[in-house]
Amino acid sequence: MEPDGDFGLNAYEKGLLPGSGAADHEHFVLSFENNRLATQLFGQFDEHLAMIERHFGVDAVARGNTVEIRGPGSMARRARIALEHLYSRLETGAQVERGDVDGAIRMALADDQLALPNFEKGGRLALAQIGTRRKTVQARTPNQDAYIRAMDRCQLIFGAGPAGTGKTYLAVAYAASLLERGAVDRIILSRPAVEAGERLGFLPGDMKEKVDPYLRPLYDALYDMIPGEKVERAIAANVIEIAPLAFMRGRTLANAAIILDEAQNTTPMQMKMFLTRLGEGSRMVVTGDPSQIDLPGGQASGLIEALSILKGLEGISVIRFTARDVVRHKLVEAIVDAYDQAREKPRAKEL
Numbered sequence: 000m001e002p003d004g005d006f007g008l009n010a011y012e013k014g015l016l017p018g019s020g021a022a023d024h025e026h027f028v029l030s031f032e033n034n035r036l037a038t039q040l041f042g043q044f045d046e047h048l049a050m051i052e053r054h055f056g057v058d059a060v061a062r063g064n065t066v067e068i069r070g071p072g073s074m075a076r077r078a079r080i081a082l083e084h085l086y087s088r089l090e091t092g093a094q095v096e097r098g099d100v101d102g103a104i105r106m107a108l109a110d111d112q113l114a115l116p117n118f119e120k121g122g123r124l125a126l127a128q129i130g131t132r133r134k135t136v137q138a139r140t141p142n143q144d145a146y147i148r149a150m151d152r153c154q155l156i157f158g159a160g161p162a163g164t165g166k167t168y169l170a171v172a173y174a175a176s177l178l179e180r181g182a183v184d185r186i187i188l189s190r191p192a193v194e195a196g197e198r199l200g201f202l203p204g205d206m207k208e209k210v211d212p213y214l215r216p217l218y219d220a221l222y223d224m225i226p227g228e229k230v231e232r233a234i235a236a237n238v239i240e241i242a243p244l245a246f247m248r249g250r251t252l253a254n255a256a257i258i259l260d261e262a263q264n265t266t267p268m269q270m271k272m273f274l275t276r277l278g279e280g281s282r283m284v285v286t287g288d289p290s291q292i293d294l295p296g297g298q299a300s301g302l303i304e305a306l307s308i309l310k311g312l313e314g315i316s317v318i319r320f321t322a323r324d325v326v327r328h329k330l331v332e333a334i335v336d337a338y339d340q341a342r343e344k345p346r347a348k349e350l
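For the sequence shown, position 64 matches number 63 in numbering that gives the first Met the number 0, and the numbering has no gaps at all.
This is how it looks when you write it as structure tokens:
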């Protein structure tokens with residue numbers, strides 16, 4: 000989930016925020032008590048400050064453990080909010096890398112009228128985060144923030160949107176945190192094996208070895224959150240269960256964190272079957288990209304149908320990610336945008 004950190008034009012050049020007159024300019028001098036942390040905050044050769052300057056359209060000049068910020072009022076204030084948030088993160092013992100700076104910038108630039116608050120009293124950023132033994136994962140976009148908060152308050156959460164937006168990664172991180180603090184007894188990871196038609200018998204090895212290729216993204220996220228040897232012991236003890244979607248039928252999953260990945264490749268019948276596995280004390284997260292359906296023969300997607308049928312039901316939250324939530328390389332965001340625009344052109348001609 001390490002983004003490149005370059006959005007291209009700053010927010011003023013994109014027209015995201017109002018006001019740019021000289022009279023609106025402000026000047027802040029921020030002083031940080033810990034010189035070592037201030038150095039980490041500014042980045043090697045002040046690269047983090049350079050990102051702040053570029054995206055907020057301000058001047059940020061470091062002198063020792065202080066930094067001067069000059070620029071249009073609202074942007075200078077948001078640059079200050081981002082820097083203060085990053086410094087408070089360093090004070091907790093966490094690291095600040097380019098991806099963290101990227102996230103603080105995105106959140107500070109976010110619209111104040113978001114459905115879920117991103118600001119604490121005093122104007123400080125209040126980014127939702129997930130703590131696990133190995134690392135703390137923090138929201139880097141407004142929709143990621145909403146997604147993490149939704150997992151805190153709802154039993155069933157849908158995360159729908161393009162690749163690279165953190166849907167699966169954050170879901171696995173949240174499941175790991177629930178398991179570590181004893182809120183659930185086990186984690187169940189599932190994914191439709193569309194390429195093999197859910198008929199895995201021809202593949203060599205036991206069931207785990209057969210489905211591993213399809214569940215590799217879930218494993219990768221899991222090993223990021225929990226030490227490798229603990230993951231292996233948990234799998235051996237069935238505390239972490241890897242199951243193809245076809246093997247979920249007939250079960251009731253209580254006191255578990257349940258994740259269905261690549262849900263766009265479920266049929267409507269499979270999706271109904273999976274959703275009705277939800278038992279007492281469980282949390283279920285369903286992730287998928289409605290634009291990447293691989294079902295054969297033009298079959299309807301269970302994810303798309305579920306998003307329509309279940310809309311507005313109490314206890315269910317739907318977070319829709321967009322290209323602006325992509326937190327991988329900057330080209331991924333551009334690629335997603337290009338494909339979205341290409342899909343819209345035929346629709347416009349039809350109208």
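Using N, Cα and C, we set each Cβ at its ideal position, and we do this for glycine too.
Counting every other CB atom within 10 Å of its CB across the protein chains shown gives glycine 249 a total below 16, marking it as exposed.
Annotated as distal: aspartate 223 and glutamine 263, with beta-carbon spacing of 8 Å or more.
Put simply, the stretch 124-141 touches the stretch 218-232. At least three CB pairs are less than 8 Å apart. Sixteen is the threshold: since fewer than 16 other Cβ atoms of the shown chains lie within 10 Å of the Cβ of histidine 26, the residue is exposed. By the criterion of at least three beta-carbon pairs nearer than 8 Å, the stretch 287-302 is not in contact with the stretch 136-156. By the 16-neighbour rule on beta-carbons within 10 angstroms, arginine 152 is exposed.
In the DSSP annotation of this structure, the continuous segment of the beta strand (DSSP E) that includes aspartate 58 starts and ends at 58-62.
Per the C-alpha coordinates, the member of Arg88, Ala159 and Asp23 positioned closest to alanine 75 is Asp23.
Relative to leucine 178, the option among Val238, Asn142, Gly165 and Glu231 whose CA is nearest is Val238.
When secondary structure is reduced to three states using DSSP, glutamine 263 falls in the helix class. Considering only Ala125, Arg232, Arg69 and Ala220, the residue with the shortest C-alpha distance to serine 176 is Ala220.
Under the DSSP assignment, leucine 294 falls outside any alpha helix (DSSP H); it carries neither an H nor an E label.
Distance from the CA atom of methionine 50 to the CA atom of glutamine 143, rounded to whole angstroms, is 21 Å. With a cutoff of 8 Å on beta-carbon distance, valine 183 and alanine 256 are scored as near each other. In the structure shown, leucine 312 falls within a coil segment according to DSSP collapsed to helix, strand and coil. Nearest to glutamine 291 by C-alpha distance, out of Gln43, Gly160, Arg276 and Leu217, is Gly160. Judged by DSSP in its simplified three-state form, glutamine 143 adopts helix. When DSSP reads this structure, glutamate 67 sits in a beta bridge with Val28 and Val60. Residues of the same chain with a CB within less than 6 Å of the CB of isoleucine 303, apart from the 5 flanking positions on each side, are Pro289 in chain order.
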